[in-house]
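First the structure, in the form of C-alpha cells, and then the observations on it.
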Amino acid sequence: MIADRAEFKGQLESITRVGRAQGVSLILAAQRPSGVTDQMRSNIKFRICLRVETSGESREMLRRSDAAFLPTDIPGRGYLQVGNDEIELIQSAYTGDKVIDPNRTPQARVIWPDRNELYDASQDQEPPELYKAIVTMLGKMAREHGIEKQRAPWPDFLPNRLSLSELLVSPDQTIPAVTSDEYLIDVDKIMLGLKPDIALTLNPGVNKWLNGEVGWLEQQDWENYALRPVVGLVDNPYAAKQLPLVIDLPRGHVSLFGASGWGKTTFIRTLVVSLTATHSPNHLHVYVLDLGGRNLGVLENLPHVGSVIIPDAEGYEERVEQLLRELDDIVEQRKTILYNAGVPDLYKYNNAHPTTPLPAIVVCIDNFIEFKETFGGDAESDVETVFDKFVGLARQAKPYGIHFVITVSQPNVLSSQLQSLFTERLTLKLADPTEYRTIVGGQVGDIGDIPGPGLCKNRPPAPHFSDCPAD
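Heads up: the sequence shown at position 290 corresponds to 286 in my numbering, and the numbers run straight through without jumps.
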C-alpha cells in the first residue's frame, strides 16, 4: 500500500508512534518487510513472521534467518518476537474449518425409484466455515439486542440507481437506507426549512403525493429554498460526507453536459418532477422544448407545464418564437412591478407578498445543439435571430424569476458568452474525459460506465453525484 500510496506513510508512522497511548492499535500485514519503515519498526512491539522466501527477509523482521527455514507444508507456522527478545515458535489458529450444527438432526436420504422425490436438497448444503458462522451469529445477536453497527469513517458509495422517493435515512437499522444521519448534511435543503422527517427521502413532497397527500407548500421560503430542487445525491469523499444535489436556479441558469445515452433527458424529467412536487402552479410555470429523444411528453400532464414543444409538431418554429416573445413581455412587466415595489428580484418580492406571488418560470431545452442549429441563423447577418432573443433573455431574465435549463452533448457547443450565463454546470459521462476539466474545473477523474453519475461545479472539490430517475 505504501508503494502505491506514499502519502499514507506519514500517517501510519504517526499512528505507530502515538496511537497506542490513545487506545489505537495498528496491525500491519505485508508480504515483504521492506514496506515497513524504520520509524514504524522502532514503535512496533510485536512481530510475527511466517515463512519467508529468503534469509534476508527473515533477518529484516527478526534479526535472524530462522523464518526462511520454516516447513512449507504447515501453513500458519511462524515466529513471534516481543520487542527485541528471543523468538518463540508459534502456530496461528485456523478459522476456515466447517462448522457442523450440534443440534442438527441428520436425515438419511432415501429415494424410491417409483416415487416422487420428497427430499429437501437444502440438506446437502455445505456447512459454513467457522469465521462465517461467528460473523453471522454475532450480527444476529447484535440485532436482537439493539446494538448499533460500528460507524465507518466514510459513507458507502453512491448507489448506481437512486430515486426521489428512496429512503435516505432510516430510523431502524433493519430497514435498508442509502446513507445515515452520520454522513448526510444539508438536510434543511431537502426539507425546505421544515422539520426533518424521521424516515427521510430525497423529496418528501414526492412521498406525500404517493401517499395520497398534498406535497405543495402553501407558502414558499423564496429567498432560501424555493426553486432549488433536489435531483440527486453528492458524494464528497474528502470530507467523508454526502449531501443533496441541489440545483440552485436563483443563482444561475443550468447547463448539463453528457454524451448521448447517459441520462440528460432523465435529468430534465427528474428536475421538473422534483420542482412540481413541492411548488404549486401558483408558484411555478414550466415550459419544455423536447428536442432530444422525445421522451418528455409525459410532463405535459402536469398542471404547471404550459407546453411541451417537439420539433416534429406542426408550427414548431412559430411556437418557439411565440414562447420567447411571451417571456420577453413578462420580463418587461416584472421590471415595472419590481421597480414599483422597490425590490431587486422576484424572490424578495414574493417573500414580501406571500399571498400574491409572481410565479417563477423554468424553461427546459433538451438537446440544445438542435435549438442552436435551428434558430441560430447566419452569424454574419445583422438581422436578430430567435437565438439572439434567447441569449438576450438568458442575460436579463434571472432577477425576474425566469430560468433556463439546457442539456448539451459537448462543451464547445456553448460560446464563452453563454458559458458565462450558465453558471450552474454539471456533467454526466462524456466521450472525451479531458473535457471534464473544462466544465467543472480542477483535476478530476473519469466517470464510470453507469448512466446517472457525474460531476458538478461550484461544490469543490468537484464531487461526484448520482442523479435520480423520476420513473
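Positions of the beta carbon are idealized from the N, C-alpha and C atoms, including for glycine.
Quick check on DSSP: helix, strand or coil for residue i?
i	result
residue 42	strand
residue 18	helix
residue 243	coil
residue 316	helix
residue 165	strand
residue 95	coil
residue 221	coil
residue 291	coil
residue 179	coil
residue 134	helix
residue 156	coil
residue 508	Missing from the structure shown is residue 508; the chain here goes from -3 to 467 and no further.
residue 302	strand
residue 343	helix
residue 449	strand
residue 256	coil
residue 493	Outside the displayed range of the chain (-3 to 467) lies residue 493, so it cannot be described from this structure.
residue 310	coil
residue 251	strand
CB-CB under 6 Å to residue i, same chain, minus the five flanking residues each way: which ones, in chain order?
i	result
residue 276	212
residue 245	223, 399
residue 333	none
residue 299	277
Relative to the C-alpha of residue i, which residue among the options is closest?
i	options	result
residue 233	402, 445, 154, 355	154
residue 214	350, 436, 182, 321	350
residue 347	218, 78, 306	218
residue 429	390, 443, 205	443
residue 132	164, 270, 160, 95	95
residue 410	441, 163, 372	372
residue 323	145, 306, 302	302
residue 141	283, 169, 82, 393	169
residue 414	445, 365, 427, 55	365
residue 308	287, 325, 334	287
residue 326	202, 356, 36, 343	356
residue 39	383, 8, 391	8
residue 59	29, 36, 71	29
residue 362	191, 82, 306	306
How long is the line joining the alpha carbons of residue i and residue j, rounded to whole angstroms?
i	j	result
residue 263	residue 424	10 Å
residue 337	residue 236	45 Å
residue 198	residue 404	26 Å
residue 177	residue 240	12 Å
residue 436	residue 451	7 Å
residue 21	residue 230	33 Å
residue 317	residue 278	25 Å
residue 314	residue 330	24 Å
residue 397	residue 255	30 Å
residue 456	residue 137	Reliability of the predicted coordinates at residue 456 is poor, the pLDDT of 48 falling under 50, and the value obtained from them is presented with this limitation in mind. Straight-line Cα distance between these residues: approximately 42 Å.
residue 432	residue 34	41 Å
residue 76	residue 45	7 Å
residue 369	residue 386	13 Å
residue 445	residue 294	27 Å
residue 171	residue 340	47 Å
residue 85	residue 73	8 Å
residue 163	residue 173	5 Å
residue 208	residue 184	24 Å
residue 251	residue 238	23 Å
residue 495	residue 354	Only positions -3 to 467 of the chain appear in the structure, and residue 495 is not among them; the question remains open.
residue 13	residue 79	15 Å
With a threshold of 7 Å on Cβ separation, who are the neighbours of residue i within its own chain once the five nearest residues in sequence on each side are excluded?
i	result
residue 32	24, 26
residue 220	189
residue 258	424, 425, 447
residue 291	261
residue 61	51, 54, 55
residue 281	300, 302, 355, 357
Going by beta carbon distance, what residues of the same chain come within less than 8 Å of residue i, once the five residues before and after it are set aside?
i	result
residue 50	64
residue 145	138, 169
residue 91	125, 126, 127, 130
residue 248	394, 417, 418, 419, 420
residue 47	63, 64, 66, 67, 68, 73, 74
residue 193	187, 200
residue 390	249, 400, 414, 417, 418
Would you say residue i faces chain D, with C-beta separation under 8 Å as the test?
i	result
residue 398	No chain D appears in this structure, which consists of one protein chain only.
May I ask you to check if the CB of residue i is nearer than 7 Å to at least one heavy atom of the ligand HEM?
i	result
residue 125	Here there are no bound small molecules, and the ligand HEM is not part of this structure.
Practice prompt. Go through the region 347 to 421 residue by residue and report every complete run of the beta strand (DSSP E) that reaches 3 residues or more, in order.
Written response: If we require 3 residues or more, the beta strand (DSSP E) runs fully inside the region 347 to 421 come out as 356 to 362, 398 to 404.
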